[in-house]
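Visitor: Supplied in structure tokens, the structure appears directly below.
Residue numbers (full-length UniProt numbering), protein chains in the order written: chain A, 1 to 188; chain B, 1 to 372.
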């Protein structure tokens, strides 16, 4: 694979809190962790859903039932890959739009089905545990787990390092950098 | 290769580059990108995934920057914006009243303008300077450069070792050190990147003799950037739905209207009068539902409409054609009316002063229609 096809186009980061860790094993249904037991949520949807649209090429219309009301929603999907000690693994990831109960929060659906919990990194200095998703120029999407200490001190590309620093400075839960459209959240 | 890298290559080869493009095509962003690459030695301009590495996105090896830019250890970017009050002394050197605290009334001092400072920086060993001049056509450009206009040419600079060559062009300059007139020439590692909007009708065109001393780099409006920004399909939808059912439908209509309007502007006034994609991306907004999308594009349309009015100022029929108002298209809030002033035929455009969100989709559908 050529290096140009592996050029990074988009990076997404999310702080994995205790409630999120339980989502990775489908045991989070408490209010503090954001309701749904298996979904990683991203807010504001107005920022993150357009990013997901650029990352995930497939769109399907699905029926969602909530409190007896049926509605049609657009679900994004695409293949994601991650590395495990036994080698690379791939699966189809779905992105769902916000629900009435949690408006302006789009989500990665059923993260628990990916069995990623063993890959989550604990920060040696008590900093953030970070879920990272990045897309290459060839469209491939990779999942990765790292820590605040790693992002700030290890040998990351300076653009990634600066993006992470901006995110840590802001303190919000999720962040993205789109190197194609030059967009970044949180805005700096 | 990115536009920024192309510009750096051009700077290395020609020393002076003139970036031109309609408003909203990303000139300012590109200037910043070039400045960032120049100072950062091209480092990390393209993060690359290294599967299996301890850190999956390590720094990209330094550096692909060309020639003397790439080999200079010390680099500095100088920035300025030209305006109607810009003077030769602001760029090179000159005499001005010294009103600094502690100086007696009536004292004068010699200025060190930004081109002079950049030049002096680049004259240091192992050093390169990039001077960025934005809005270069919004001031008395030729006067500002004065006698330096010939000396900026790449083959009329000093040699890389600082010595003069038979082709080196010297010009007179007030030496800030002692006030004497000296013969001055520019160093080899001084790079000048200027930007302008050619269609800026508030200023005079640049002198041709001045222009030929710059390598041109032109930017175009790109609907592909809009498609990526709003997350819609890379190719235009064959036919727009009569009413939008999603934010994507509104974005698609806006992008098709943007393309069609720009095509008509290019025909009527020239390609330099088109408007850039950035105008639809104001505030970095990415609407997620129909209502937000309509509101966003209704606001963006005001800027496009003002641009059309300015580009076709005094030309009612040209404005009408740009707005597709001359073809009786149903749903178009604008229409051309043929009337008279006494015996003289006149034309006028009927339509709302500003388009609200409820009208903007129909407007975009009408604007996107092309002449058969």
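Ideal Cβ placement from N, Cα and C applies to all residues, glycine included.
Small disclaimer: the values here were computed from a predicted structure and weren't measured.
Using a Cβ cut-off of 7 Å (strictly closer), state whether residue 266/B contacts chain A.
Guide: What you label residue 266/B is simply residue 266 of the second chain in a count that begins at 1. False, the Cβ-Cβ gap to chain A never drops below 7 Å.
Visitor: What residues are listed by DSSP as bridge partners for residue 281/B?
Guide: Here residue 281/B refers to the residue found at position 281 when the second chain is read from its first residue. Answer is none; residue 281/B lacks a bridge partner.
Visitor: In three-state DSSP terms, what is residue 94/B?
Guide: The count along the second chain starts at 1 and reaches residue 94/B at position 94. Residue state, collapsed to three classes: strand.
Visitor: Can a CB atom of chain A be found closer than 7 Å to the CB of residue 229/B?
Guide: On the second chain, position 229 is the one that residue 229/B refers to. It does: the Cβ of residue 229/B has a partner Cβ on chain A nearer than 7 Å.
Visitor: Does residue 46/B get closer than 7 Å to chain D when you measure Cβ to Cβ?
Guide: Here the protein chains are A and B, and chain D is not one of them.
Visitor: Flag this pair as touching only if the segment 275 to 295 of chain B and the segment 247 to 260 of chain B have three or more C-beta atom pairs under 8 Å; answer yes or no.
Guide: Output reads yes: the segment 247 to 260 of chain B touches the segment 275 to 295 of chain B.
Visitor: For the putative contact between residue 25/A and residue 117/A, defined by C-beta atoms under 8 Å, what is the C-beta separation to the nearest angstrom?
Guide: Within the first chain, numbered from 1, the residue matching residue 25/A stands at position 25. Within the first chain, numbered from 1, the residue matching residue 117/A stands at position 117. Their Cβ separation, rounded to whole angstroms, is 5 Å, which keeps residue 25/A and residue 117/A in contact under 8 Å.
Visitor: Please confirm whether residue 277/B has its beta-carbon closer than 7 Å to some beta-carbon of chain A.
Guide: Here residue 277/B refers to the residue found at position 277 when the second chain is read from its first residue. No, residue 277/B lies away from the interface with chain A (no Cβ there is under 7 Å from its Cβ).
Visitor: Classify residue 301/B as helix, strand or coil using the three-state DSSP reduction.
Guide: Against the second chain, residue 301/B aligns to sequence position 301. DSSP places residue 301/B in helix when its eight states are reduced to three.
Visitor: With three or more C-beta pairs closer than 8 Å as the rule, is the segment 304 to 311 of chain B touching the segment 256 to 275 of chain B?
Guide: Result yes; three or more Cβ-Cβ pairs closer than 8 Å.
Visitor: Per DSSP, residue 21/A is paired with what?
Guide: On the first chain, residue 21/A is found 21 positions in, with the first residue counted as 1. Paired residue(s): none; residue 21/A is not in a bridge.
Visitor: With C-beta atoms as the reference, is residue 119/A less than 7 Å away from residue 145/A?
Guide: Mapped onto the first chain, residue 119/A falls at position 119. Mapped onto the first chain, residue 145/A falls at position 145. In contact: residue 119/A and residue 145/A (Cβ atoms closer than 7 Å).
Visitor: When burial is assigned at 16 or more other CB atoms within 10 Å of the CB, is residue 99/A buried or exposed?
Guide: Counted from its first residue, the first chain places residue 99/A at position 99. By the neighbour-count rule (16 or more Cβ atoms within 10 Å), residue 99/A is buried.
Visitor: Using a 10 Å radius around the Cβ and a threshold of 16 neighbouring Cβ atoms, would you call residue 235/B buried or exposed?
Guide: Stepping through the second chain from its first residue, residue 235/B is reached at position 235. With fewer than 16 Cβ atoms within 10 Å of its Cβ, residue 235/B is classed as exposed.
Visitor: From which residue to which residue does the alpha helix (DSSP H) around residue 268/B run?
Guide: Working through the second chain from its first residue, we reach residue 268/B at position 268. Segment 247 to 268, the alpha helix (DSSP H) holding residue 268/B.
Visitor: Let me confirm a value: residue 32/A is counted as buried when at least 16 other C-beta atoms fall within 10 Å, else exposed. Which label applies?
Guide: In the first chain, residue 32/A corresponds to position 32, counting from 1. Because the pLDDT of residue 32/A is 47, which lies under 50, any placement of that residue in the model is unreliable, and the number read from its coordinates should be weighed accordingly. Label assigned to residue 32/A: exposed.
Visitor: With 16 other CB atoms within 10 Å as the buried threshold, where does residue 163/A fall?
Guide: Stepping through the first chain from its first residue, residue 163/A is reached at position 163. The residue is buried, with at least 16 neighbouring Cβ atoms inside 10 Å.
Visitor: Looking at residue 136/B: is its Cβ nearer than 7 Å to the Cβ of residue 92/B?
Guide: The residue labelled residue 136/B in the question sits at position 136 within the second chain. The residue labelled residue 92/B in the question sits at position 92 within the second chain. Taking 7 Å as the Cβ cut-off, residue 136/B and residue 92/B do not qualify as a contacting pair.
Visitor: Select from the segment 155 to 182 of chain A all residues with a C-beta closer than 8 Å to any C-beta belonging to chain B, and list them in chain order.
Guide: Taking 8 Å as the Cβ-Cβ cut-off against chain B, the residues of the segment 155 to 182 of chain A that qualify are 155, 156, 157, 158, 159, 160, 179, 180, 181, 182.
Visitor: Under 8 Å by Cβ, that's how I've got residue 311/B and residue 346/B pegged, so tell me the actual separation to the nearest angstrom.
Guide: On the second chain, position 311 is the one that residue 311/B refers to. On the second chain, position 346 is the one that residue 346/B refers to. Incorrect: roughly 21 Å between the Cβ atoms, too far for contact.
Visitor: Assuming residue 18/B and residue 196/B form a contact by the criterion Cβ under 8 Å, report the distance between their Cβ atoms to the nearest whole angstrom.
Guide: Taking the first residue of the second chain as position 1, residue 18/B is located at position 18. Taking the first residue of the second chain as position 1, residue 196/B is located at position 196. Right, their Cβ atoms sit about 7 Å apart.
Visitor: Strictly below 9 Å CB to CB, what residues from chain B border residue 128/A?
Guide: If you number the first chain from 1, residue 128/A lands on position 128. By Cβ distance, chain B contributes nothing, its closest Cβ being about 17 Å from residue 128/A, past 9 Å.
Visitor: Report buried or exposed for residue 161/A, applying the criterion of at least 16 other Cβ atoms within 10 angstroms of its Cβ.
Guide: Taking the first residue of the first chain as position 1, residue 161/A is located at position 161. The residue in question, residue 161/A, is buried, as its Cβ has 16 or more Cβ neighbours within 10 Å.
Visitor: Using a 10 Å radius around the Cβ and a threshold of 16 neighbouring Cβ atoms, would you call residue 169/A buried or exposed?
Guide: Position 169 of the first chain, counted from the first residue, corresponds to residue 169/A. Classification of residue 169/A: exposed, given that the 10 Å Cβ count is below 16.
Visitor: Ordered along the chain, which non-local residues of its own chain (more than five positions away) have a Cβ less than 6 Å from that of residue 90/A?
Guide: Taking the first residue of the first chain as 1, we reach residue 90/A at position 90. Once the five neighbours on either side are set aside, the close Cβ partners of residue 90/A are 79, 81.
Visitor: Just the C-alpha distance for residue 106/B and residue 183/B, rounded to the nearest angstrom, thanks.
Guide: Taking the second chain and counting its residues from 1, one reaches residue 106/B at position 106. Taking the second chain and counting its residues from 1, one reaches residue 183/B at position 183. The alpha-carbon atoms of residue 106/B and residue 183/B are separated by roughly 28 Å.
Visitor: Using CA coordinates, which residue listed in 114/A, 101/A, 9/A is at the minimum distance from residue 67/A?
Guide: Residue numbering aside, residue 67/A sits at position 67 when the first chain is read from its first letter. With distances taken between Cα atoms, residue 67/A lies closest to 101/A.
Visitor: Quick check: the Cα distance between residue 111/B and residue 179/B, rounded to an integer number of angstroms?
Guide: Here residue 111/B refers to the residue found at position 111 of the second chain. Here residue 179/B refers to the residue found at position 179 of the second chain. Cα to Cα, residue 111/B sits roughly 10 Å from residue 179/B.
Visitor: Check the C-beta distance from residue 29/B over to residue 182/A and give it rounded, since I have them as a contact under 8 Å.
Guide: Translated into positions along the second chain, residue 29/B becomes position 29. Translated into positions along the first chain, residue 182/A becomes position 182. About 6 Å separates the two Cβ atoms, so the contact holds.
Visitor: Inspect the beta-carbon positions of residue 129/B and residue 151/B and report whether they are closer than 7 Å.
Guide: Position 129 of the second chain, counting from 1, holds the residue named residue 129/B. Position 151 of the second chain, counting from 1, holds the residue named residue 151/B. For residue 129/B and residue 151/B, no; Cβs fall outside 7 Å.
Visitor: Run through the segment 2 to 46 of chain B for me and flag every whole beta strand (DSSP E) of 3 or more residues, listed as ranges in chain order.
Guide: For the segment 2 to 46 of chain B, whole beta strand (DSSP E) runs of length 3 or above, ordered along the chain, are 16 to 20.
Visitor: In chain order, what are the residue ranges of uninterrupted alpha helix (DSSP H) at least 4 long that sit wholly in the segment 38 to 88 of chain A?
Guide: Listed in chain order, they are 45 to 55.
Visitor: Counting only Cβ pairs nearer than 7 Å, list the residues of chain A close to residue 60/B.
Guide: Taking the first residue of the second chain as 1, we reach residue 60/B at position 60. Going along chain A in sequence order, the residues near residue 60/B (Cβ under 7 Å) are 157.
Visitor: Determine the closest residue to residue 130/A out of 171/A, 86/A, 38/A, with distance taken between C-alpha atoms.
Guide: In the first chain, residue 130/A corresponds to position 130, counting from 1. It is 171/A.
Visitor: 7 Å is my cut-off, CB to CB: does residue 35/A come that close to chain B?
Guide: If you number the first chain from 1, residue 35/A lands on position 35. Low local confidence applies: a pLDDT of 46 at residue 35/A is under 50, so the model's placement there is unreliable, with the coordinate-based value given in what follows. No - not a single Cβ of chain B is within 7 Å of the one on residue 35/A.
Visitor: Going by beta carbon distance, what residues of the same chain come within less than 6 Å of residue 366/B, once the five residues before and after it are set aside?
Guide: Translated into the one-based positions of the second chain, residue 366/B becomes position 366. The residues are 324, 329, 331, 332.
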